[in-house]
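So the protein sequences, as listed, match chains A and B.
When we follow my numbering, the leftmost residue of the first sequence carries the number 3, and every step to the right adds one.
When we follow my numbering, the leftmost residue of the second sequence carries the number 173, and every step to the right adds one.
Accompanying notes for the structure given below.
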Amino acid sequence: MIRFGNISWRFLSVWRRNLIVYRRIWKVNFFVPLLEPAFYIIAFGLGFQQLVSNLSYGGQALTYTRFMAPALIGISIMYNSFFETTYNSFVRMYYQKTFDGMMATPLSLEEIILAEIVWSATKAAAAASIMLLVLGLFGFVVFPLGLLVVPLAFLGGLAFGSIGMFFTGITPSIDMFNLPIFLFITPMFLFSGTFFPVSGLPGWAQSAALAFPLYHLVELTRFACLGLVETNPLISLSYLALFTLCFLSLGLITMRRRLIK
Amino acid sequence: MNPSSETAPAPIIQVEHLSKRFNDLIAVDNISFEVRAGECFGLLGPNGAGKTSAIRMLYGFAPMSAGSLRIFGLDIATEWRRIRARIGVCQQDNTLDPDLTVLQNLLVFATYFGIPKPLARQRAEELLHFFALEKKITAKVGELSGGLTRRLTLARALINDPELIILDEPTTGLDPQSRHQLWDRLQHLRARGKTFVLTTHYMEEAAQLCDRLVIMDHGKILIQGDPIGLIREQVGTSIIEVDGADPELEQFLVAGKIEYDRTGERWIIYNNGDGAIEQAIRTTFHPQQCTFRSAGLEDVFLRLTGRELRE
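Right under this line is the structure:
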């Protein structure tokens with residue numbers, strides 16, 4: 003079970019440790035979110051947009067790039083946080099034995115795991131902020147509403163960071179992360195209303211998409227960037243919050259089971 | 173209350189009937205011991221004897237299966253955070269942070285203890301000096317040699333100025349120079365009144381550093397005492413090692429009620445300073461090779477845990 007008594011603000015020291023490491027290579031860390039949206043916008047804008055006509059979302063006609071741009075942020079939030087708590091946390095836990103060292107100090111395992119997840123959300127929020135800036139320069143974001151993307155990215159980062167930590171808690175080896183990526187991340191990347199509206203899918207697939215956290219995150223980033231909605235943002239917000247709570251708990255439980263023997 | 177118990181300092185570590193089970197395996201089987209303030213206490217034993225399992229319970233990394241464990245008079249099960257704030261642990265694996273530099277390793281580790289920045293900086297500088305690491309402060313951990321890595325690990329374990337230092341095989345894999353240097357540093361720390369618990373495979377290390385020690389095997393404590401006392405009591409003062417002697421030697425030893433062990437063609441005879449036995453072997457049993465030497469801790473260890481290979 004979860005040991006809530008083991009959680010204190012001390013977890014911030016682990017969060018700061020990750021920040022220090024991140025700052026050492028901040029240029030590389032900033033480069034990707036800076037250029038990635040530009041690549042996508044240019045590729046889809048130049049190569050693809052002419053093929054797509056009369057796209058409408060939330061009852062309003064949109065160009066394809068305008069429709070897709072907010073989804074790029076959602077996808078980036080997912081990738082940043084999920085990869086942080088899977089591959090990166092696994093390396094720290096298993097290969098570098100960083101957690102073992104921390105557990106010789108007054109830190110609890112719960113604080114270490116919580117810090118890793120909160121850190122992954124921070125990293126996602128940083129990437130999303132840079133993308134927001136770039137896409138804003140392209141004219142794809144309505145300000146000031148668009149600034150909502152930053153807290154949304156943090157929430158989305160918590161959600162995907164938590165489920166990533168859950169997979170780290172149960173994976174036998176680092177190679178096995180291919181499985182959740184192939185079965186969970188990739189379908190979400192494609193079918194969450196990211197590159198085409200979910201309304202274009204058959205009925206059963208539409209309902210399936212509703213279960214995807216990325217669908218809700220993209221709904222929310224699209225709302226923040228464009229001010230348009232097809233569903234109730236409060237439902238999406240509640241879904242993400244619930245998803246986070248559920249997998250944060252599972253992440254804490256599976257990591258305790260894995261590391262405390 | 174009687175006056176002697178009032179003056180005797182309370183033990184730093186009190187272990188009572190401690191056990192650790194992993195499914196079917198009993199790694200630590202009902203051990204009890206005490207470590208007093210300022211003492212260096214050794215946990216010796218072959219691989220798989222349960223030393224590391226015991227050590228891990230000591231700093232609250234692994235939960236106990238049974239028994240009780242108090243450090244500084246506090247219960248590890250409930251007060252682990254307060255206990256860990258006052259101890260330094262040098263783990264067997266290298267757990268230094270490879271993403272950070274030498275100096276950052278110390279400073280970041282200090283934040284896990286909640287040590288204020290100026291104090292952490294001051295201590296880090298002192299420790300880098302104490303372990304002769306000043307020239308390496310900007311180096312990455314991966315660039316350090318084995319000896320430097322160990323020194324940094326020990327430096328990091330001291331960042332909270334601990335009262336108790338737990339060392340799990342601190343010199344395994346080091347060259348003799350690095351090992352002697354590390355011993356020298358440990359002796360300095362001992363002189364400052366720190367309490368130590370250490371595990372080791374090196375009997376020379378244990379004999380040199382430990383005031384008292386236990387020898388463990390199969391999760392149990394076989395014996396405990398001070399190194400010199402244990403040697404006297406278990407194997408006597410001297411030993412004769414004989415290779416390829418006449419088979420009658422065995423009868424001679426049995427008849428004379430002289431204690432010995434045999435592995436293959438070699439006899440290990442515990443003659444306890446008896447020159448007559450020495451003389452008899454030399455003249456009567458035609459050994460190919462014969463060594464007379466004083467007894468050491470390694471003899472105690474091998475005598476108690478057997479000479480066969482493990483695993």
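Here a beta-carbon is modelled for each residue, glycine too, at the ideal position from N, C-alpha and C.
Quick caveat, the model's predicted, so the values are computed rather than measured.
- The residues Glu221, Leu222, Phe225, in chain order, have a CB closer than 8 Å to that of Pro235/A in the same chain once the five nearest residues on each side in sequence are set aside.
- For the segment 217-243 of chain B, the set of residues with a beta-carbon nearer than 7 Å to any beta-carbon of chain A comprises Tyr231, Phe233, Ala234, Pro235, in chain order.
- Residue environment analysis places Asn443/B among the buried positions, since at least 16 neighbouring C-beta atoms fall within 10 angstroms of its C-beta.
- Uninterrupted alpha helix (DSSP H) stretches at least 4 residues long and entirely within the segment 310-396 of chain B occur at 318-329, 348-363, 375-381, given in chain order.
- The DSSP-derived three-state label of Ser131/A is helix.
- At a cut-off of 3 residues, the continuous stretches assigned as beta strand (DSSP E) that sit fully inside the segment 25-84 of chain A are 57-59, 62-64.
- The Cβ of Arg256/B sits closer than 8 Å to at least one Cβ of chain A.
- If you draw a straight line from the Cα of Gly158/A to the Cα of Glu206/B, it comes to about 51 Å.
- At a cut-off of 8 Å, the C-beta of Gly158/A has no neighbouring C-beta in chain B.
- The beta carbons of Ile400/B and Leu476/B sit no closer together than 8 Å.
- Using a Cβ distance threshold of 8 Å, Ala129/A and Phe156/A do not count as a contacting pair.
- In this chain, the beta strand (DSSP E) harbouring His189/B covers 185-194.
- According to DSSP, residue pairing for Cys262/B in a beta bridge involves Leu339/B.
- The Cβ atoms of Glu341/B and His373/B sit closer than 8 Å to each other.
- Segment contact: the segment 302-319 of chain B against the segment 348-362 of chain B, three or more CB-CB distances shorter than 8 Å; contact assigned.
- Within chain B, not a single residue places a beta-carbon under 9 Å from that of Leu21/A; the smallest gap is close to 10 Å.
- For Arg465/B, the uninterrupted beta strand (DSSP E) segment begins and ends at 461-466.
- Neighbours of Asp102/A in chain B, taken as residues at a C-beta separation under 9 Å, are given in chain order as Phe233, Gln263, Asp265, Thr267.
- C-alpha of Asn20/A to C-alpha of Leu324/B: approximately 21 Å in a straight line.
- A residue is called buried when at least 16 other Cβ atoms come within 10 angstroms of its Cβ; Met3/A does not meet this threshold and is exposed.
- A distance of 8 Å or more separates the beta carbons of Pro215/A and Met133/A.
- Against Pro270/B, the close residues of chain A are Gln98, in the order they occur along the chain (beta-carbon pairs closer than 7 Å).
- Excluding the 5 residues flanking it on each side, Gly428/B has no same chain C-beta neighbour closer than 6 Å.
- In the three-state reduction of the DSSP assignment, Ser10/A falls in the coil class, being assigned neither a helical nor a strand state.
- Between Arg465/B and Thr435/B, the C-beta gap is not smaller than 8 Å, which leaves the two residues out of contact.
- Judged by beta-carbon spacing, His390/B lies within the 8 Å limit of Ala221/B, meaning their Cβ atoms are closer than that value.
- Within a 10 Å sphere around the beta-carbon of Gln451/B sit fewer than 16 other beta-carbons, which makes this residue exposed.
- Of all residues in the segment 9-41 of chain A, only Arg12, Ser15, Val16, Arg18, Arg19, Ile22, Val23, Arg26 come within less than 8 Å of chain B when Cβ atoms are compared, listed by chain position.
- Identification of residues in the segment 296-310 of chain B having a C-beta nearer than 9 Å to some C-beta of chain A yields an empty set.
- Here DSSP, grouped into helix, strand and coil, assigns Tyr442/B to coil.
- DSSP, reduced to helix, strand and coil, places Val414/B within a strand of the structure shown.
- Taking all protein chains in view, the Cβ of Lys289/B is surrounded by fewer than 16 other Cβ atoms within 10 Å, so the residue is classified as exposed.
- Within chain A, the C-beta atoms nearer than 7 Å to that of Arg253/B come from Pro108, in chain order.
- In the three-state scheme derived from DSSP, where H, G and I count as helix and E and B as strand, Ser175/A is classed as coil.
- As the crow flies, the alpha-carbon of Ala292/B is around 15 Å from that of Arg258/B.
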